[in-house]
Amino acid sequence: MMLRVLVIDDEPLARRGVVARLARHADVEIVGECATAAEAIRAIAAQAPDLLFLDVRMPGLDGFELLRQLPPPQRPQVVFLTAYERFALRAFDAEAVDYLLKPIDDERFDRALERVRTARRARLPAVPAPGDDMGQARYPARFSVRIGRRLVVVHVADIDWIEAIGDYCGLHVGKQVQLVRETLQQLESRLDPALFVRVHRSAIVRITRVAELRAATNRDALARLHDGTVLKVSRTYSEALRRALGR
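Here it is as structure tokens:
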């Protein structure tokens, strides 16, 4: 499913950077670029984009004011762009999917786009399965992890892999590991199988994080992730991972 994107930023260099990063993704169609909120409002009415990459500070109306001009049914998903951290809380109050600081990091940009895809799938109507009047359950876009008195939100789009740790599961997000009190089997049933695959009785991996699959002994395999992590892939699950990587 194509993702129709409108890029809104008063800086031409910033727009070119976003467009260049979007061009790496086959499921993205760039429907236009705008330098002002007034241009953007006209383009949104004409093009009906699915997603806005939206600068916060622009001449005239800023990004938040632009969104307030749009009727909620016509409001696309939004990823805010800004050089200022202080706007982060306002961005999420405006129900933005993500918030990127300039200068933009390539890996962080790709994670933001993956969050958009995950959120978009969650917004689509459930498709009834044969004989199932209730339809398929939607997959969660985030998990809440309690650490002492704090509640930490882990976005599913940020998870690299998951491992079983006793009565818990460890959600690996970059160099951090957040623990949730669920079994691996419970988590596997809640995750989108188009995005995650079981590779071992104690591990699940995000398919797009796998950089290399190498044969090992006894028909097992080793999966190397983009960050260098190496996971054992048991022969029970190796064929499913190969099929997923082939897709």
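Under full-length UniProt numbering, the sequence shown has 140 at position 140, and the numbering climbs by one with no breaks.
All C-beta atoms in this analysis are idealised placements derived from N, C-alpha and C, irrespective of residue type, glycine included.
Tell me where the beta strand (DSSP E) around residue i begins and ends.
i, result
"Ala83", "Run containing Ala83: none; DSSP gives neither H nor E here."
"Glu65", "It is not in any beta strand (DSSP E) - Glu65 instead sits in the alpha helix (DSSP H) that spans 63 to 69."
"Ala20", "Ala20 -> not in any beta strand (DSSP E); alpha helix (DSSP H) instead, spanning 12 to 22."
"Ala203", "203 to 206"
"Phe196", "196 to 200"
"Glu33", "28 to 34"
"Met93", "Position check: residue 93 holds Asp in this sequence, whereas Met was assumed. Segment 88 to 93 is the alpha helix (DSSP H) holding Asp93; no beta strand (DSSP E) there."
"Ala157", "Looking at the DSSP string, Ala157 is not in any beta strand (DSSP E), and its letter there is neither H nor E."
List the whole-angstrom C-beta distance separating residue i from residue j, where the pair is believed to meet the contact cut-off of C-beta under 8 Å.
i, j, result
"Val31", "Arg4", "5 Å"
"Leu241", "Leu213", "7 Å"
"Ala141", "Val197", "19 Å between Cβ atoms; not a contact."
Could you pull the start and end residues of the alpha helix (DSSP H) that residue i belongs to?
i, result
"Ile44", "37 to 47"
"Gln186", "184 to 190"
"Phe143", "Premise fails: Phe143 lies in the beta strand (DSSP E), 142 to 147, not in any alpha helix (DSSP H)."
Residue j and residue i - do their beta-carbons sit closer together than 8 Å?
i, j, result
"Leu187", "Ile204", "yes"
"Val18", "Phe53", "yes"
"Ala157", "Glu114", "yes"
"Ala119", "Gln178", "no"
"Arg181", "Asp167", "yes"
"Thr82", "Val56", "yes"
"Asp62", "Thr36", "no"
"Asp50", "Arg121", "no"
"Leu225", "Ala211", "yes"
"Asp93", "Ala112", "no"
"Val145", "Asp160", "no"
"Phe143", "Leu101", "no"
Classify residue i: buried if its beta carbon has 16 or more other beta carbons within 10 angstroms, exposed otherwise.
i, result
"Pro128", "Note on Pro128: pLDDT 44, under 50, position unreliable in the model; the coordinate value appears next. Under this definition Pro128 is an exposed residue."
"Ile8", "buried"
"His155", "buried"
"Asp132", "Only weak support is given to the placement of Asp132: the predicted model assigns it a pLDDT of 45, under 50, and the value that follows is read from those uncertain coordinates. Looking at its Cβ environment, which holds fewer than 16 other Cβ atoms inside 10 Å, Asp132 is exposed."
"Arg15", "buried"
"Tyr237", "buried"
"His200", "buried"
"Val152", "exposed"
"Ala126", "Here Ala126 scores only 42 on pLDDT, less than 50, and its place in the model is too uncertain to base an answer on."
"Leu13", "exposed"
"Ala43", "buried"
"Ile165", "exposed"
"Met134", "For Met134, the predicted structure reports a pLDDT of 42, less than 50, and the residue's modelled location is therefore unreliable. The matter cannot be settled from this model."
"Ala137", "For Ala137, the predicted model reports a pLDDT of 48, less than 50, meaning its position is unreliable and no value from the coordinates is stated."
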